[in-house]
Ligand SMILES: *Cc1c(COP(=O)(O)O)cnc(C)c1O
C-alpha cells in the first residue's frame, strides 16, 4: 500500500486500481471490472443496471445478503421490487418456485428482470452452491429472459472448496461482485465484473452514488496483495473450520453443537441449546477469560463471534487466524462448552 503508484481514479488514471480491476476481470473470465468501496455498493450498482427501468423485479433468496442486510437499497434507491424465494439449507432455491414466481407481462405486475444468487452463502454457513444447480439456473434464466448476478462476496472460497476455477463457476453470470475485505483480508473494497459496456455504466453509477475515490490505488494495492498472497492460502481457513468443528462435535453434553459436514468453507455455525446457554451468552463467555480458566486452558484466549439468531452463533476463520490460534481456540471452546453442559447436568 505504501509503495502503490497512484493517480486519479475518477479520471481512470490510477494504475494500481486499473491493475486490480483487470486482474479480477481476468480471474473471473469477464471483460472488465470496477473497484468500489463495498460489497453493498457493488450489488446495488449491478441490480440498478440490470433493472434500469422503474418497476423492474429482482428475484432473490429470502436469506441472502441483498435481501436481508443491504437496507432494501434496490427498492430504496432504484425503485426495484424484490421478490424473495425460500432459501434452501444448501444456499439454493427451488427453480420451480422461481418459474412460478415469474409472472407474464401484464399491467398489474412489475417487470421480471434479474435473478441474484449468493456464493458462498453467508447465512447458510458458507455453503458452496452446487455447480450443477448454477448450470440449471442459467438455462432457466435464459429461457425466462432474466439476467443473472452473483453476489460472490466469498466466491474465491467457493472456488477453492470445489477445486474449480472462479471463471467456470461464474461462466453463465452477467455480472459478479467479489469482496476483498472478507476472507481475502484486505482492509476495504469489492470489485464488480461484467462486460465492458456494463462496467462503463457501472463507473458512471459509482460516481453518482459517491463511490468515486480518487487516489484509491492505496486500497487497491491491498486487494492485489490479497489475490496474490491470501487467495492461495484460503484452503487453510477451511481446514481450520474443520478442526474447530470436529472439536465442538466431540464435546459431550450438547450445550453447543455443530455439523462439520455442513461447513464447506471458512464459516462455522454453532447451535446453542437454549436450556444451557443463549447465543449472546455464549459469545460473551468466549470473549472473556474467567478466573481459573488460564490454568485449565493453558493460556488466556479470547474469541469474538457473532450471534445471528435465537439459537445460532457464526464463527469465521480468516487470514489473521493462525494454526496456533486455532489450537488455542479449540482448548478454550472445549473447556467452555463442557463447563456449560456440565453446569446443566
Ligand atoms: C459482506 C457481504 C456483502 C456486503 O459487503 P460490504 O462490503 O459489507 O458492504 C455482500 N454480500 C455478502 C454475502 C457479504 O457477506
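In my numbering, the protein residues as written are 1 to 345. Note that CB positions come from ideal geometry on N, CA and C, so glycine has one too.
Under 7 angstroms from any heavy atom of ligand 1, does the C-beta of residue i make it?
i: residue 157; result: no
i: residue 65; result: yes
i: residue 290; result: no
i: residue 309; result: no
i: residue 262; result: no
i: residue 143; result: no
i: residue 255; result: no
i: residue 127; result: no
i: residue 223; result: no
i: residue 90; result: no
i: residue 271; result: no
i: residue 39; result: yes
i: residue 151; result: yes
i: residue 179; result: yes
i: residue 341; result: no
i: residue 122; result: yes
i: residue 381; result: No answer is possible for residue 381: it lies beyond the span of the chain, which begins at 1 and ends at 345.
i: residue 319; result: no
i: residue 18; result: no
i: residue 32; result: no
How many whole angstroms separate the CB atoms of residue i and residue j, which I take to be in contact at a CB cut-off of 8 angstroms?
i: residue 39; j: residue 153; result: 5 angstroms
i: residue 144; j: residue 102; result: 5 angstroms
i: residue 217; j: residue 16; result: 3 angstroms
i: residue 12; j: residue 25; result: Between residue 25 and residue 12 the Cβ distance is about 15 angstroms, and since that is not below 8 angstroms, they are no contact.
i: residue 281; j: residue 260; result: Not a contact, Cβ separation roughly 24 angstroms.
i: residue 94; j: residue 67; result: Actually they are not in contact, since the Cβ atoms of residue 94 and residue 67 sit about 16 angstroms apart, beyond 8 angstroms.
i: residue 105; j: residue 86; result: About 25 angstroms separates the two Cβ atoms, so there is no contact after all.
i: residue 160; j: residue 235; result: 5 angstroms
Which residues bound the beta strand (DSSP E) around residue i?
i: residue 35; result: 32 to 36
i: residue 24; result: Note, residue 24: premise wrong, no beta strand (DSSP E); alpha helix (DSSP H) at 15 to 27.
i: residue 267; result: 267 to 272
i: residue 147; result: 147 to 151
i: residue 180; result: No beta strand (DSSP E) contains residue 180, which DSSP labels as neither H nor E.
i: residue 67; result: Not the beta strand (DSSP E): residue 67 falls in the alpha helix (DSSP H), residues 65 to 68.
i: residue 61; result: 56 to 61
Grab the span of the alpha helix (DSSP H) containing residue i for me, first residue to last.
i: residue 90; result: Per DSSP, residue 90 belongs to no alpha helix (DSSP H) and is neither H nor E.
i: residue 40; result: 39 to 50
i: residue 114; result: From DSSP, residue 114 is part of no alpha helix (DSSP H) but of the beta strand (DSSP E) over 111 to 118.
i: residue 234; result: 234 to 250
i: residue 314; result: Looking at the DSSP string, residue 314 is not in any alpha helix (DSSP H); the run it does join, the beta strand (DSSP E), is 312 to 316.
i: residue 224; result: 217 to 225
i: residue 297; result: 293 to 297
i: residue 132; result: 131 to 144
i: residue 190; result: Note, residue 190: premise wrong, no alpha helix (DSSP H); beta strand (DSSP E) at 190 to 194.
i: residue 157; result: 155 to 162
Is it the case that the Cβ atoms of residue i and residue j are separated by a distance below 8 angstroms?
i: residue 283; j: residue 341; result: no
i: residue 336; j: residue 305; result: no
i: residue 1; j: residue 221; result: yes
i: residue 266; j: residue 318; result: yes
i: residue 82; j: residue 60; result: yes
i: residue 329; j: residue 301; result: yes
i: residue 6; j: residue 215; result: yes
i: residue 146; j: residue 115; result: yes
i: residue 255; j: residue 333; result: no
i: residue 177; j: residue 43; result: yes
i: residue 162; j: residue 226; result: no
i: residue 149; j: residue 47; result: yes
i: residue 72; j: residue 127; result: no
i: residue 137; j: residue 164; result: no
i: residue 31; j: residue 275; result: no
i: residue 205; j: residue 140; result: no
So which of the options has the shortest CA-CA distance to residue i?
i: residue 49; options: 201, 326, 96 and 196; result: 201
i: residue 56; options: 69, 42 and 74; result: 74
i: residue 314; options: 258, 81 and 36; result: 258
i: residue 173; options: 320, 331, 206 and 151; result: 151
i: residue 309; options: 123, 149 and 136; result: 123
i: residue 307; options: 323, 278, 291 and 58; result: 278
i: residue 347; options: 263, 96 and 175; result: The chain is shown from 1 up to 345; residue 347 falls before or after that span and cannot be answered.
i: residue 64; options: 119, 45, 186 and 107; result: 119
i: residue 273; options: 297, 296, 312 and 298; result: 312
i: residue 10; options: 194, 208 and 321; result: 208
i: residue 219; options: 198, 35 and 253; result: 35
Can you find a C-beta in chain B that's less than 8 angstroms from the C-beta of residue i?
i: residue 175; result: Protein chains in the displayed structure number just one, and chain B is not present.
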